[in-house]
Amino acid sequence: MLYPFIKPLLFRLEPETAHNLTIEMAKLSPVIGKLTGQPIDSRLSLKVGSVNWTFPIGLAAGLDKNAEALTFMGHQGFGAIECGTVTLKPQLGNPRPRMFRYPDEQSLRNAMGFPNQGLLEILPRLRAYGGATPLGVNIGKNKDTTAEESIEELSLLLETMEEAAQYFVINVSSPNTPGLRALQEKTYLSELFTELNKVRNGKDLYLKIAPDLDQNKIVELTHLAQEYKLTGIIATNTTIMPDRGVGGVSGVLLREKSREVRKIILKESTNLELIAVGGITDPQDLFNLWKDGGKVAQVYTAYVYQGPDLLKKFHQELVNFVKKQNMTLEKFFELPLSERQYRL
2 MLYPFIKPLL FRLEPETAHN LTIEMAKLSP VIGKLTGQPI DSRLSLKVGS
52 VNWTFPIGLA AGLDKNAEAL TFMGHQGFGA IECGTVTLKP QLGNPRPRMF
102 RYPDEQSLRN AMGFPNQGLL EILPRLRAYG GATPLGVNIG KNKDTTAEES
152 IEELSLLLET MEEAAQYFVI NVSSPNTPGL RALQEKTYLS ELFTELNKVR
202 NGKDLYLKIA PDLDQNKIVE LTHLAQEYKL TGIIATNTTI MPDRGVGGVS
252 GVLLREKSRE VRKIILKEST NLELIAVGGI TDPQDLFNLW KDGGKVAQVY
302 TAYVYQGPDL LKKFHQELVN FVKKQNMTLE KFFELPLSER QYRL
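Taken in order, the sequence shown gives residues 2 to 345; the numbers are from my numbering.
Shown next, in the form of structure tokens:
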């Protein structure tokens with residue numbers, strides 16, 4: 002694979018510069034995405050909400066913020082790809098430097114603040130994407146938009162993009178936009194979900210939550226999502242670690258905290274879908290999720306550190322898994338949790 006040779010060069014660069022260069026290369030050479038990617042295997046596909054994921058590992062939001070490398074990412078072998086966070090108007094985000102690596106801990110810290118080109122620039126790229134891999138869009142409010150104004154803003158975003166993607170994610174949990182996490186409140190979200198339900202036109206809709214909430218708040222948000230008929234919850238966003246600096250930490254440093262949040266959600270036994278993200282680094286993390294009662298996950302930080310080899314590793318492990326189970330993943334997840342056998 003190419004990535005082990007390219008990675009040392011990229012890691013000599015400032016993290017955001019390396020990130021931007023990677024996206025530029027992916028945008029200009031989508032065929033490399035296919036050459037380094039994994040084939041679709043029907044035994045590994047799963048229905049998540051109303052969307053048929055081609056593989057149980059998806060790409061999390063944040064890597065392809067402006068939907069510039071959708072074709073490349075669609076060829077990599079992800080089960081679904083999520084772009085964004087997209088805001089109504091373009092914004093630069095927070096001052097640089099705002100992305101930091103912790104290689105020894107396979108983790109990152111970012112203080113980006115939703116830098117993106119805005120709805121009008123990004124929408125044509127969503128419409129032009131015709132790949133087999135399902136597409137999701139993560140949406141958020143502009144930095145200067147008030148809480149009251151944000152309901153109309155997010156509704157307009159969803160209504161305008163509804164026909165261009167298979168699912169949407171409401172991001173009120175990033176630690177990098179002042180006051181954003183304060184919107185994880187019942188009164189605000191009840192009003193927001195009411196308005197979004199008017200324009201979602203049956204599309205799958207998820208709430209992405211922070212890992213730094215207490216148990217009561219996690220339970221409250223879980224039942225609120227169920228009450229307003231959201232498709233599910235994405236758990237979790239990045240975590241605050243003040244000793245590391247401002248921003249949100251992702252990767253292995255987030256793994257255990259994120260898993261504990263997911264366990265709380267899954268124990269509520271709702272009919273919500275759960276998409277796991279946060280510290281998913283190797284197949285064992287996915288198997289742990291399955292044992293906890295989950296089904297699919299997303300990666301970002303692990304992909305930065307491991308590149309396409311990450312998906313190769315997952316793909317090989319899961320092909321072996323379904324062979325030993327002698328059934329597809331879809332059939333495996335039809336079994337009650339207590340009856341699933343993990344022949345690894």
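No residue lacks a Cβ here, since even glycine has one placed at the ideal position from N, Cα and C.
Next on the checklist: Since ILE241 and GLY233 should fall inside the 8 Å C-beta cutoff, what is the C-beta to C-beta distance between them, to a whole number of angstroms?
Outcome noted: The Cβ separation is near 24 Å, so there is no contact.
Checklist entry - To the nearest angstrom, how far is it from the Cα of ALA62 to the Cα of CYS84? => result 5 Å
Next on the checklist: Please report the straight-line C-alpha distance between ALA183 and VAL32, rounded to a whole angstrom.
Outcome noted: 42 Å
Checklist entry - Is the beta carbon of GLU17 less than 8 Å from the beta carbon of ARG126? => result no
Item to check | Contact belief for GLY82 with LEU136 at Cβ below 8 Å, rounded distance in angstroms | outcome: Per the sequence shown, residue 82 should be read as Ile rather than Gly. About 6 Å; that satisfies the 8 Å criterion.
Next on the checklist: Please tell me whether VAL87 and ASN139 are closer than 8 Å, where the distance is taken between their beta carbons.
Outcome noted: yes
Checklist entry - According to the neighbour-count rule (16 or more other Cβ atoms, all chains shown, within 10 Å of its Cβ), is GLY141 buried or exposed? => result buried
Checklist entry - Helix, strand or coil: how does DSSP classify ALA165 here? => result helix
Checklist entry - Residue range of the alpha helix (DSSP H) that THR223 falls in? => result 216 to 228
Item to check | Residue ranges of each beta strand (DSSP E) within the segment 32 to 105, 3 or longer | outcome: 47 to 49, 52 to 54, 58 to 60, 82 to 87, 100 to 103
Checklist entry - Under the DSSP definition of a beta bridge, which residues are partnered with LEU275? => result ILE234
Checklist entry - How about GLY38 and HIS76: do their beta carbons lie closer than 8 Å? => result yes
Item to check | CA nearest to the CA of GLN317, picked from VAL49, ASP145, ILE58 | outcome: ILE58
Next on the checklist: Here's the rule: buried if 16 or more other CB atoms are within 10 angstroms of the residue's CB, otherwise exposed. What is ASN177?
Outcome noted: buried
Checklist entry - In three-state DSSP terms, what is GLN299? => result strand
Next on the checklist: Alpha carbons only, please: which of LEU267, GLU153, ARG128 is nearest the one belonging to ALA166?
Outcome noted: ARG128
Item to check | Continuous alpha helix (DSSP H) stretch holding ASN139: start and end | outcome: Segment 136 to 140 is the beta strand (DSSP E) holding ASN139; no alpha helix (DSSP H) there.
Item to check | Coil, strand or helix - ILE241 by DSSP | outcome: coil
Item to check | TYR207 (DSSP reduced to helix, strand or coil) | outcome: strand
Checklist entry - Can you pull the DSSP bridge partners for ARG110? => result PHE101, VAL250
Next on the checklist: Does the structure place the segment 139 to 159 close enough to the segment 179 to 198 that three or more beta carbon pairs sit under 8 Å?
Outcome noted: yes
Item to check | Where the alpha helix (DSSP H) containing ASP293 begins and where it ends | outcome: 284 to 293
Next on the checklist: If you measure between the beta carbons of GLY50 and ASP286, is that distance less than 8 Å?
Outcome noted: no
Checklist entry - From LYS224 to GLY295, what distance separates their C-alpha atoms? => result Sequence inspection shows His at residue 224; the Lys mentioned does not correspond to that position. The alpha-carbon atoms of HIS224 and GLY295 are separated by roughly 17 Å.
Checklist entry - Between LYS292 and ASP283, what straight-line distance do the alpha-carbon atoms span, to the nearest angstrom? => result 15 Å
Checklist entry - Secondary structure at VAL170, three-state DSSP: helix, strand or coil? => result strand
Item to check | Counted within 10 angstroms of its Cβ, other Cβ atoms place THR23 as buried (16 or more) or exposed | outcome: buried
Item to check | Residues near VAL323 by beta carbon distance below 8 Å, same chain, minus five either side | outcome: ARG44, LEU45, THR329, LEU330, PHE333
Checklist entry - I think ARG110 touches ARG13, with their Cβ atoms under 8 Å apart; what is that distance to the nearest whole Å? => result Their Cβ separation, rounded to whole angstroms, is 19 Å, which puts ARG110 and ARG13 out of contact at 8 Å.
Next on the checklist: Since SER259 and LYS209 should fall inside the 8 Å C-beta cutoff, what is the C-beta to C-beta distance between them, to a whole number of angstroms?
Outcome noted: Incorrect: roughly 12 Å between the Cβ atoms, too far for contact.
Next on the checklist: So, for ALA148: in the same chain, excluding its five sequence neighbours on each side, which residues have a beta-carbon less than 7 Å away from its beta-carbon?
Outcome noted: LEU184, TYR189
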